[in-house]
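Here's the structure, in C-alpha cells; my notes come after.
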Amino acid sequence: MPEVTTNALKGQVAAVTGAGRGIGAAIARKLAGLGATVVLCGRTRAPLDATAAEIKKDHANTVVMECDVSDLSSVEKLAAQVERDPGRVDILVNNAGIGGFGGPLHTMPPQSWDAVLNTNLRGVYYCIRSFAPMMIRNRGGHIINISSLAGKNALPNGAAYAASKWGLNGLSYSVAEELRSHNIRVSVVCPGSVDTSLSPHEGKDKNKMLRPEDVAHVVAMLVTQAPQSFASEVLLRPTQKP
Ligand SMILES: NC(=O)c1ccc[n+]([C@@H]2O[C@H](COP(=O)([O-])OP(=O)(O)OC[C@H]3O[C@@H](n4cnc5c(N)ncnc54)[C@H](OP(=O)(O)O)[C@@H]3O)[C@@H](O)[C@H]2O)c1
C-alpha cells in the first residue's frame with residue numbers, strides 16, 4: 000500500500016456530487032487535502048462556493064459546477080465541461096442524495112417516490128453514463144457510490160429511500176464487473192446514521208452518530224489503495240450505537 004500523503008492524489012481530478020454540504024463537502028475537502036483538483040457539483044451555487052472557498056484557503060484547486068443529477072442533460076453538460084476543463088476525471092463520487100422518511104410507503108405521494116428514486120438511483124446511472132466513457136478513454140478511474148446501511152437492512156417509514164439504496168448496491172456490484180477490465184474500480188460505501196441535514200434521525204444520540212469526516216476518510220482510503228486491488232463495498236458503523 001502506498002503511504003497516504005498530502006500529495007497522494009496530485010494530478011488527479013475528482014468530481015463529487017452533492018458537495019455543498021454534509022458528507023459531500025467533507026469528501027471534497029478530504030480529496031482536495033490529498034492534492035486532487037476537485038469538481039464540486041450540486042443544484043445550489045452558494046453552498047458549493049462556500050465549500051470551495053474553504054478548500055481554497057489551503058491553496059487547493061477547485062471547480063464549481065451547478066448540476067442536477069436527476070436531469071440527464073444537466074449531467075451531460077457537467078461531463079462535457081469537465082472534459083474541456085480540467086480535462087479528465089479520475090475519481091467520481093456519486094454522493095448526491097435525498098431522504099424521504101415521512102411514513103409508511105402506502106402514504107407516500109408518487110412525486111416523492113419519483114424524487115427519491117430519480118436522485119438516489121437514476122442520478123447515479125446518469126453520472127456513470129456520462130463520466131465512464133471519459134474514464135475508459137483515459138484507461139482508468141475510480142467510481143465511489145455513497146449508499147447506506149439502509150441499502151442492507153429494512154428501513155420502516157423510509158421504504159423508498161431503502162429501495163433506492165438497495166438498488167444502488169446492486170447497480171454498484173454489477174457496474175464494478177462491467178468496468179474492471181477497463182481498469183476502473185467501483186466501490187460502494189454504506190454508512191450508518193451520519194449527523195447531517197439529510198434526516199433528523201429522531202431518537203438517536205448525535206454525539207454517537209457518524210460524522211461526515213468518517214465517510215470522507217473511507218473514501219480517501221479507497222481511492223489511495225494500490226491499483227491492483229479495490230474494496231468493492233464498505234459498511235461503516237459508529238462504534239457506539241447512537
Ligand atoms: N446522513 C445520513 O445519515 C446518511 C447515511 C448514509 C448514507 N447517506 C447518504 O450520503 C449522501 C449525502 O447525504 P448527506 O447526509 O450529506 O445529505 P445532505 O446534507 O442533505 O446533502 C445532500 C447533498 O446532495 C445534494 N443534492 C440533492 N439532490 C441533488 C440533485 N438532484 N442533484 C445534485 N445534487 C443534489 C445537495 O445539494 P443541493 O440541494 O444544493 O442540490 C446536498 O449538497 C446521500 O446519498 C445519502 O443518502 C447519508
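When the letters of the sequence shown are read in order and numbered with numbering that gives the first Met the number 0, they come out as residues 0 to 241.
Backbone N, C-alpha and C fix where the C-beta goes; we use that ideal spot for every residue, glycine too.
Heavy atom of ligand 1 within 6 Å of Gly262 beta-carbon: Any property of residue 262 remains undetermined from this structure, which presents the chain solely from 0 to 241.
Contact the segment 159–171 vs the segment 103–119: 3+ CB pairs below 8 Å: yes
heavy atom of ligand 1 below 6 Å from Asp48 C-beta: no
Status (buried if at least 16 other CB within 10 Å, exposed otherwise) for Asp57: exposed
Alpha-carbon to alpha-carbon, Asp67 and Ser73: 6 Å
Inter-stretch contact (C-beta, 8 Å, three-pair minimum) for the segment 119–137 and the segment 50–65: no
Beta-carbon spacing of Asp89, Gly140 below 7 Å: yes
Under the three-state DSSP convention, the category Glu2 falls into: Low confidence applies to Glu2: its pLDDT is 49, below 50, so where it sits in the model is not reliable enough to give any reading.
Near ligand 1: Pro147 beta-carbon under 6 Å from a heavy atom: With the sequence shown as reference, residue 147 is identified as Ser, and Pro is not the correct amino acid for it. Under cutoff, so the answer is yes.
C-alpha distance - Ala18 paired with Thr106, whole-angstrom precision: 31 Å
Segment limits, alpha helix (DSSP H) that includes Pro132: 122–136
Nonlocal neighbours in the same chain, by C-beta distance under 8 Å from His216, ignoring five residues either side: Lys29
Other residues of its chain near Tyr125: CB distance less than 7 Å, five sequence neighbours each side excluded: Val68, Leu71, Val74
Cβ separation of Ala25 and Pro211, assumed to be a contact under 8 Å, to the nearest whole Å: 4 Å
Backbone CA spacing between Glu2 and Lys9 [nearest angstrom]: Note on Glu2: pLDDT 49, under 50, position unreliable in the model; the coordinate value appears next. Computed Cα separation, rounded: 13 Å.
Pro155 versus Pro103, Lys203, Asp204, residue with shortest Cα-Cα distance: Pro103
Range covered by the beta strand (DSSP E) that runs through Asn93: 90–93
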